[in-house]
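Trainee:
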Amino acid sequence: MVLYNTSGTNYGFKMANSVSTNDLIEMTPQESTITDGDSDYEDLPSPDVEGDDTDDICHSEVSLLDMSDFTLPSFTKVHDEPLAFKDPSVNMLIPGCPINIKIVDIERHPATHMLNPNLYVIELQHGPYQWTVKKRYKHFQHLHQQLTLFRTGLSIPIPTRRHKARRKSCRKVERSRLPRFPKRPDALLTSDKISLRAEQLEEYLKNVLRIPLYRNHHETMDFLEICPLSFVSNLGKKRKEGLIQKRSGGHRISTGCFRLKRGFIDWCGRWRWRWLLVKDNFVAYVKPDNGRVRSILLMDQGFRVECGFVSTGIHHGLQISNLSRHLLVRCWTRRKAREWSESLQEAAKTTARDFTQPNRHGAFCPVRNNSECRWFIDGATYFEAVAETLEKAKEEIFIADWWLSPEIYMKRPVIQGEIWRLDHILKRKAQQGVKVFVLLYKEVELALGINSLYSKQQLVNMHPNIKVLRHPDHVTNGTLLWAHHEKLVCVDQTYAFLGGIDLCYGRWDDFQHRLTDLGGVGRKTSQVTLGGDVKALQVTQSPQLRRSHSMSEIGNELSIKLSEPSPLSTAEKSKTDSSENVEPIKINIEVATPTSSQIITPSSSDEKKSLSEELEYPSSHLKAVDNEECAKKKYLSRKLKAKRVMQAVVRLQGLKKQAHNKSLESITNYDSLDLPDSDMRRTNSEIALNELGLQGSPKLWIGKDYINFIIKDFEHLHKPYQDLIDRHTTPRMPWHDIGCFVQGAIARDVARHFIQRWNFTKFEKAKYYDRYPWLIPKSYEGCESVPRLNLSFSKKLFCANCQILRSVSTWSAGMKTMEHSIHTAYLDVIRNAKHYIYIENQFFISQSAGHRDVLNGIGEALYQRILLAHKNKETFRVYVVMPLLPAFEGEIGTGTGTAIQAITHWNYASICRGPDSLYQRLLHEVGDPNAYITFYGLRKHGLLNEKIVTELVYVHSKLLIADDRIVIIGSANINDRSLLGNRDSEMCLIVEDVDFEKTLMNGKPYEAGHFACSLRRTLFREHLGLLDQGNQSIDIRDPVCESFYKEVWIKTAALNTSIYDKVFRCIPSDEVHSFAELKEYLSKPNLAVSDPETAMSLLSGVQGHLVLLPFFFLCNENLTPGAGTKESLMPVCLWT
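Numbering (full-length UniProt numbering), first residue to last: 1 to 1136.
1. Identify the residues that DSSP records as bridge partners of Val121: which are they?
2. Output needed for Ile296: all residues of its chain with C-beta closer than 6 angstroms, excluding positions within five of it in sequence on either side, in chain order.
3. Among the residues of its own chain, which have a CB less than 7 angstroms from the CB of Ala833, if the five just before and after it don't count?
4. If Gly942 and Pro1085 are in contact, beta carbons under 8 angstroms, what's the gap, nearest whole angstrom?
5. One question on the structure: do Ile399 and Phe437 come within less than 9 angstroms of each other, judged by their Cβ atoms?
6. Identify whether Val1132 lies in helix, strand or coil by the three-state DSSP scheme.
7. For Ser559, which of helix, strand or coil comes out of DSSP?
8. Please state the DSSP three-state secondary structure of Gly937.
9. Name, in chain order, the residues that DSSP records as bridge partners for Ser321.
10. Under 8 angstroms Cβ to Cβ from Gly1101, same chain only, skipping five residues before and after it: list those, please.
11. Please go through the same chain and pick out, in chain order, the residues whose beta-carbon is closer than 6 angstroms to the beta-carbon of Ala849, but skip the five residues on each side of it.
12. So what's Asp401 in DSSP terms, helix, strand or just coil?
13. Return helix, strand or coil for Trp271, following the three-state DSSP convention.
14. Which residues mark the beginning and the end of the alpha helix (DSSP H) in which Pro212 is found?
15. What's the call for Leu205, buried or exposed, on a 16-neighbour Cβ count within 10 Å?
16. Would you kindly report the start and end of the unbroken alpha helix (DSSP H) that includes Phe383?
17. Thinking C-beta only, is Asp401 closer than 9 angstroms to Asp502?
18. Since Pro406 and Lys442 are thought to touch, with beta carbons under 8 angstroms apart, how far apart are those beta carbons, to the nearest angstrom?
19. According to DSSP, is Phe714 part of a helix, a strand, or is it coil?
20. Does the Cβ of Phe309 have 16 or more other Cβ atoms within 10 Å, making it buried, or fewer, making it exposed?
21. Just the C-alpha distance for Gly127 and Pro182, rounded to the nearest angstrom, thanks.
22. Within the present structure, is the beta-carbon of Phe888 separated from the nearest heavy atom of the ligand SAM by less than 8 angstroms?
23. So, does the segment 1110-1126 touch the segment 901-918, judging by three or more C-beta pairs under 8 angstroms?
24. Name the residue from Asp354, Ala869, Lys193, Val878 whose alpha carbon lies nearest to the alpha carbon of Glu840.
25. Mind checking whether Ser812 and Asp1061 have CB atoms under 9 angstroms apart?
26. If we count the other Cβ atoms within 10 Å of its Cβ and call it buried at 16 or more, is Leu44 buried or exposed?
27. Is it buried or exposed for Glu202, if we count other Cβ within 10 angstroms and need 16 for buried?
28. Do the segment 791-802 and the segment 355-373 make contact, defined as three or more Cβ pairs closer than 8 angstroms?
29. Pick helix, strand or coil for Gln1103, following the three-state DSSP scheme.
30. Once the 5 residues before and after Gly317 are set aside, which same chain residues still bring their CB inside 8 angstroms of it?
31. Are the beta-carbon atoms of Asn305 and Ser341 separated by less than 9 angstroms?
32. Work out the CA separation of Tyr214 and Val90 for me, nearest whole Å.
33. By the 10 Å Cβ neighbour count, where 16 or more other Cβ atoms means buried, how is Val1089 classified, buried or exposed?
34. Excluding sequence positions up to five away, which residues of its chain have a Cβ less than 7 angstroms from the Cβ of Leu189?
35. To which residues of the same chain is Asn627 closer than 6 angstroms at the C-beta, ignoring the five residues directly before and after it?
36. So Phe763 is in the alpha helix (DSSP H); what residue range does that whole segment cover?
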């Protein structure tokens, strides 16, 4: 007995000779509707019966609407090797799930369709998917004829395995349930037989679907409008699909002198058969011959659908357009074209409405309310969070970077070998079946040494699942001056990172901003508490240990001796760990057997070998660093003991939570705001080493990662473990940066941008290379309830309203109109700020008086907002933190410093030099601009081989915070390149808080947002040196009040600046007005060299890293590129 669901059927006609629903359910197919003579029907036969088994789906005892026992095909199916639609092994349906079919209506068109006047409206349900198709009698007849031919072909015994299997599967059908097709055409039916015909055709389809071989036949799938992508999870609803003819061409691409190609294709384009499908927020077409997706059209604000001869120029034509291309389609009939148009417009107005409607700031996507997000300060915690999230990837990984270094270590100190090296992470995930897609900026090799070709080759050679594309091609594309500057990582289109941090050399850093990294040198000491005694634990260096180059080769035992700490090390210790109040901890290290342990004591090691140098080089590739070879007789012993040490490290990682919780106690009691875990303190790897008493032993910056961009730019990147500069004489350049994490719908927006760029790049460079697939965006259905990752950083996320902003145009994303929503958002936030604006940025190039060479309006917006505050007698502050000098290789005042001088010129021209500068204009209007706006840099000092050294902290962050409520984080600099939209491509996130806490603003009660306020306060602590000192006397809650702005912030910066000038005579400096003065200034010995003790005494007064930006540095010189230099040949827009 077969159960049917026919309740609620309404055909629009009075059913003649129909039976009741209950009778229909209890009848066999022949008893229900087939009452006429057999001559009116044609059976769809099968070979001889070899059993009475029928398909499990069709003979289930449960209702067809019971959909609980099936699993939707995973999204990874979109990356499976495609097969032709006619391939019998293609399974387009949900395994184990029935198809429910009902003919719900009949439309009559006897005047226009005399032979097939009836149009049957068929409603289908397959699992959670519901859709409707409209067919005439001739379509049913065509399906029946094709299945009959298919069955006839099976009757011919062909000696192949596939043919035998198909014949065998066709025998498992009862003769009583064979499909019976009514032969009489609709034109010969009387009106009282129409409803009966609907029942007959419905029953025919149900019987066809009972037979697996017929159900999975490509003609059946064509009839039901089903393709391999129809029921893939996370692709949204089942909508209109079917075969169409599309004309070649239609892409809008910027290919220089080849633009005439488009006009030629418009007139001479070829027509090709394609399977077109409509999804929630995109349109795709597939080549049925091989099952490959041939193009993806994202629904955007330029999405239009036009049909008819007037709009398309062809009969039954349909033109689909977006901001990237137009697709001309030819349908069989006007009705088909109308159905396609209705389906496309319905999707555009509903599920794709977020992208087809105008959005705030002119962005491509809307504001995502109540999104989960968090911030990261500096690269240490950002890199670790990215690594852990990559490890959770199940389907896809998207990475877009200006520069990517495959050999970068994501977790430091490196205590687990190469497990957390970026290329090893990606290789490991690729081996697990995750598809990795990487977009890299293709640099002009004569201008930049980032060697993206090397990065690509290293990645693609690791596994076939890793795909890398570089863009743009400079010759064919004609783009020489602009770059892809956004930095993003997206996992499974659900979790995303973005900001200013590239996954490359020089970016990893933490709030300490160390200048030196010599590894486990004996001069370095660290203190641990053993029992109740406090002593200095010094790890000595053994020359033999330099011969080891891999974590797998760590050998010999620890050599630990007790000594009194030196004054310098004690001073350094007091700065970094004064807030740590860790109780005495016993550290057990496994030595002899897995069950035995020892307490570390001065005599716990028999051999005097050091672990420090072993931890410096965690890669087996480091054998090129030292030329000495290890003695063979000691190799096995060292390898065994290395394993034991690593086991101890792993065991001690369990202590990191306890140590980390204690470290948070140093946060000032003025803040009731809970900070996200592990943002401002040490990484998990570093905490584990601290518990071993080995703080600072391993190198944090290995090989090329130890960099000072002003001293030496990158070269020989194919030798990643070879130092670029001498770390024993030259300090590194610390790196300050900001990143953020988002999940849910806002992460889908990040993925959508990547997909748009990837698909555009594929079209331009790899259109016919099938190993580079077209990427498909996921549906946004269900994004509101994305599960949190079970990771330490994701346990504390903020809830806020977020929106993705971009700078993109024709050359960067293939769009006919440019988007500059970042610029628009910046202007809007500045104009509407009520109390303060805090800016961190790599540049400040923005003329405030309509200069023709600089077009962005940031400076003008700040000028107008300050004038308004002055007019209304408001207290309004603007903080700007930026690099003291641009990070270009060269020496100012020489021929190598032209690039540094050019950027410095435009920065100062925007800030304080010339009548059009921001300061000069404010000086005439408000009297003292410093009451409203001030500019700062960051500087750090330290010890290098007992010598006092200093270096600027390079501010690379792109951040704006307003009123402790709004934050913009991203990759966009304050210059025309990043903000105008038609130059560099960029991405930012604007965050508006929805959760607030009570605080102060200008001395009055105020409600500050959790996200913005916590970020601003933590930055203030870092810059003022409060993170480790636990100084509770400084109240940083109110960034506007006079007592903080002048007595804390400006005073600290001025004091630090004065001390650094006295001790180091460093540049830039207000005492240097010309190149001649610069030469004289640098020729005099500084206090750090002539009197180190006095210098150290003065430096003890430095608080944090904050210093003033010198306004009068080289103020008497013209810093623009001089005639005859190669930089002078470049257009001005290159620098601005």
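C-beta atoms are modelled at their ideal positions from N, C-alpha and C, and glycine is treated no differently. Please read these numbers as outputs of a predicted model, since none were measured by experiment.
Mentor: Taking the coordinates as given:
1. Taking the first residue of the sequence shown as 1, we reach residue 121 at position 121. Asp105, Lys134, per the DSSP bridge assignment.
2. Along the sequence shown, one-based indexing puts residue 296 at 296. These residues qualify, in order along the chain: Phe282, Ala284, Asn759, Trp774.
3. Taking the sequence shown and counting its residues from 1, one reaches residue 833 at position 833. Hits under 7 angstroms: Arg865, Ala962, Asp963.
4. Against the sequence shown, residue 942 aligns to sequence position 942. Against the sequence shown, residue 1085 aligns to sequence position 1085. The pair is not a contact, with the Cβ atoms about 20 angstroms apart (cut-off 8 angstroms).
5. Translated into positions along the sequence shown, residue 399 becomes position 399. Translated into positions along the sequence shown, residue 437 becomes position 437. In this structure, Phe437 lies closer than 9 angstroms to Ile399 by Cβ.
6. By 1-based counting over the sequence shown, the position of residue 1132 is 1132. Correct three-state label for Val1132: helix.
7. What you label residue 559 is simply residue 559 of the sequence shown in a count that begins at 1. Summary for Ser559: the model assigns pLDDT 33, below 50, so the residue's position carries little reliability, and this model does not support an answer.
8. Numbered from 1 along the sequence shown, position 937 holds the residue referred to as residue 937. If DSSP states are grouped into helix, strand and coil, Gly937 belongs with the strands.
9. Numbered from its first residue, the sequence shown carries residue 321 at position 321. Arg304, His326.
10. By one-based count along the sequence shown, residue 1101 stands at place 1101. Once the five neighbours on either side are set aside, the close Cβ partners of Gly1101 are Leu1055, Ile1059.
11. Translated into positions along the sequence shown, residue 849 becomes position 849. Contacts found: Asp916.
12. Counting from 1 along the sequence shown, the entry for residue 401 is found at position 401. Strand at Asp401.
13. Counted from its first residue, the sequence shown places residue 271 at position 271. Strand.
14. As a first step, residue 212 is located in the sequence shown; it is residue number 212 there, counting from the start. Taken as a continuous stretch (DSSP letters only), the alpha helix (DSSP H) holding Pro212 covers 212-215.
15. Taking the sequence shown and counting its residues from 1, the one referred to as residue 205 is at position 205. The residue is buried, with at least 16 neighbouring Cβ atoms inside 10 Å.
16. Numbered from its first residue, the sequence shown carries residue 383 at position 383. That run of the alpha helix (DSSP H) goes 379-391.
17. The count along the sequence shown starts at 1 and reaches residue 502 at position 502. The count along the sequence shown starts at 1 and reaches residue 401 at position 401. Against a cut-off of 9 angstroms, the Cβ pair of Asp401 and Asp502 comes out as a contact.
18. In the sequence shown, the residue the question calls residue 406 occupies position 406. In the sequence shown, the residue the question calls residue 442 occupies position 442. So it is not a contact: roughly 16 angstroms between Cβ atoms.
19. For this step, residue 714 is matched to residue 714 along the sequence shown. Of the three classes helix, strand and coil, the one that applies to Phe714 here is coil, per DSSP.
20. Here the question's residue 309 lines up with position 309 in the sequence shown. Classification for Phe309: exposed.
21. Your numbering for residue 127 matches position 127 in the sequence shown. Your numbering for residue 182 matches position 182 in the sequence shown. If you take the alpha carbons of Gly127 and Pro182, they lie about 29 angstroms apart.
22. The model depicted lacks the ligand SAM and carries no ligand whatsoever.
23. yes
24. The residue you call residue 840 lines up with position 840 of the sequence shown. Of Asp354, Ala869, Lys193, Val878, the residue nearest in Cα terms is Val878.
25. Counting from 1 along the sequence shown, the entry for residue 812 is found at position 812. Counting from 1 along the sequence shown, the entry for residue 1061 is found at position 1061. No. Outside cutoff.
26. The count along the sequence shown starts at 1 and reaches residue 44 at position 44. Classification of Leu44: buried, given that the 10 Å Cβ count is 16 or more.
27. Along the sequence shown, one-based indexing puts residue 202 at 202. Flag for Glu202 reads buried.
28. yes
29. Here residue 1103 refers to the residue found at position 1103 of the sequence shown. Here Gln1103 sits in coil by DSSP.
30. What you label residue 317 is simply residue 317 of the sequence shown in a count that begins at 1. Closer than 8 angstroms at Cβ, skipping near neighbours: Cys307, Gly308, Phe309, Ser311, Leu328, Val329, Arg330, Cys331, Ala337.
31. Position 305 of the sequence shown holds residue 305. Position 341 of the sequence shown holds residue 341. Note that residue 305 is Val in the sequence shown, not Asn. In contact: Val305 and Ser341 (Cβ atoms closer than 9 angstroms).
32. Position 90 of the sequence shown holds residue 90. Position 214 of the sequence shown holds residue 214. Their Cα atoms are separated by approximately 13 angstroms.
33. For the purposes of this step, residue 1089 is identified with residue 1089 of the sequence shown, where counting begins at 1. Per the 10 Å Cβ criterion, exposed.
34. For the purposes of this step, residue 189 is taken as the residue at position 189 of the sequence shown. So the qualifying residues of the chain are Arg197.
35. Residue numbering aside, residue 627 sits at position 627 when the sequence shown is read from its first letter. Any reading at Asn627 must be qualified, since the residue scores a pLDDT of 42, below 50, and its modelled position is unreliable; the value itself is stated next. Around Asn627: no qualifying Cβ.
36. Along the sequence shown, one-based indexing puts residue 763 at 763. Start and end: 745-765.
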